[in-house]
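Below is one structure, written out as structure tokens, with a few remarks after it.
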Amino acid sequence: MLEQLIVGLDHQKSRTVLLFDPGNPKSVRVDPLFLADSETLDWIASFFYRSQPTSLSDDQGLFRDLLDIAVGGPVQEATLPGVYALAGLGPEELKRLFSLRGRPEHIRFLTRFNRLSFSAQKEGLDRICRSLSFLGDSQIAAAFSRAELYLPILFSEPILLAIAVSPAYSDVNRILPFLFQWTLHQILIRRSKPDDLPLFIDLGGLAPPEGRLLNALGEKCVGLLSLSDQGESACPIPPQGVFLNEFAFLSFKKKPKPWRFPFFKFLRRG
62 MLEQLIVGLD HQKSRTVLLF DPGNPKSVRV DPLFLADSET LDWIASFFYR
112 SQPTSLSDDQ GLFRDLLDIA VGGPVQEATL PGVYALAGLG PEELKRLFSL
162 RGRPEHIRFL TRFNRLSFSA QKEGLDRICR SLSFLGDSQI AAAFSRAELY
212 LPILFSEPIL LAIAVSPAYS DVNRILPFLF QWTLHQILIR RSKPDDLPLF
262 IDLGGLAPPE GRLLNALGEK CVGLLSLSDQ GESACPIPPQ GVFLNEFAFL
312 SFKKKPKPWR FPFFKFLRRG
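For our numbering, count along the sequence shown from 1 and bump the result up by 61.
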């Protein structure tokens, strides 16, 4: 399997390599809030709270409302680090800021927010900060601060995208699953095109999605596999004919130190 993938990549017209690796100066950055529609914002809120947002009296509803305000606000706030910073202001400073801005969405937020007790306001904001605590690391926050990665490119040209987070980051087991699940969500809500390239996703030890999602991904010519160092595949679900055509490759990985990734090194040579 590994040898076939390398042979396939070697025959691509393009050898574009993108790397997401917080702290690496060559890393691309991501912004899950960039061009996010209501469905994506619902998904982000539900991911961090593991339940659908309901009302402002629930913490996830408060988070969902802040996501809405963030995407329509200043550029520096329209990111997850921006939401983390807003929640970190605390109730009084947040209310003061939104009162000064006075846009309709701020007024609606304040009207509902002020119905809560101060302790409920504080606890709601504190829980948002805890949910996004991985953004307290400056390198992680910077990696989520700008939309330099446009996922549909994976279907339009042969490319290698490696998403790697060092185990040195204490929240690596939250960051990688979030990026993985967000990627799957973006793939599933995207409208397929007749000329889409097949896409391989190396899980890198992440748990594969359940059967219904696997079937939905398969319909979009997305295959999942888990490659070991020896190139063995634990759960191959290849799109039919992938080795006869151009394709893209996306890998999730807990990055060891020093960085070793055979596809990345292979594509960079020459």
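Just so you know, even glycine gets a beta-carbon here, dropped at the ideal spot from N, CA and C.
As the structure is a computational prediction, the values presented were derived from the model and not from experiment.
Could you pull the start and end residues of the beta strand (DSSP E) that Ala225 belongs to?
Per DSSP, Ala225 belongs to the beta strand (DSSP E) from Ile220 to Val226.
Would you kindly report the start and end of the unbroken beta strand (DSSP E) that includes Leu285?
Val283 to Leu286
Where Leu128 falls: helix, strand or coil (DSSP):
Helix.
Provide the residue span of the alpha helix (DSSP H) that contains Asp263, from first to last.
Where Asp263 is concerned, there is no enclosing alpha helix (DSSP H), although the beta strand (DSSP E) it sits in stretches over Leu260 to Asp263.
Residues in the same chain with beta-carbon distance under 7 angstroms from Pro142, minus the five sequence neighbours each way, listed in chain order, please.
Leu196, Ala202, Phe205 and Ser206
Going by alpha carbons, who is nearest to Gln200 out of Leu258, Val233 and Ala277?
Measuring from the Cα of Gln200, the nearest candidate turns out to be Val233.
Cα-Cα separation between Pro152 and Leu267, rounded to whole angstroms
Cα to Cα, Pro152 sits roughly 37 angstroms from Leu267.
Going by DSSP, what residue range makes up the alpha helix (DSSP H) through Val144?
Leu141 to Gly149
Quick one: using the 10 Å Cβ neighbour count with 16 as the cut-off for buried, is Ser180 buried or exposed?
exposed
Below 8 angstroms on the Cβ atoms is my guess for Leu150 versus Leu158; work out the distance and round it to an integer in Å.
7 angstroms
8 angstroms Cβ cutoff met for Arg285 and Ile248:
Per the sequence presented here, residue 285 reads as Leu, with Arg not at that position. In this structure, Ile248 does not lie closer than 8 angstroms to Leu285 by Cβ.
Do Ser88 and Leu80 have their C-beta atoms closer together than 8 angstroms?
Ser88 places its beta carbon less than 8 angstroms from that of Leu80.
With distances taken Cα to Cα, identify the nearest neighbour of Glu271 among Pro228, Glu166, Arg90 and Gln242.
Gln242
Tell me, which residues are paired with Val78 by DSSP?
Leu221
Segment contact, 8 angstroms Cβ cut-off, at least three pairs: the segment 91-106 with the segment 163-173
no
When the distance is taken between beta carbons, is Asp120 closer than 8 angstroms to Arg188?
Closer than 8 angstroms, so yes.
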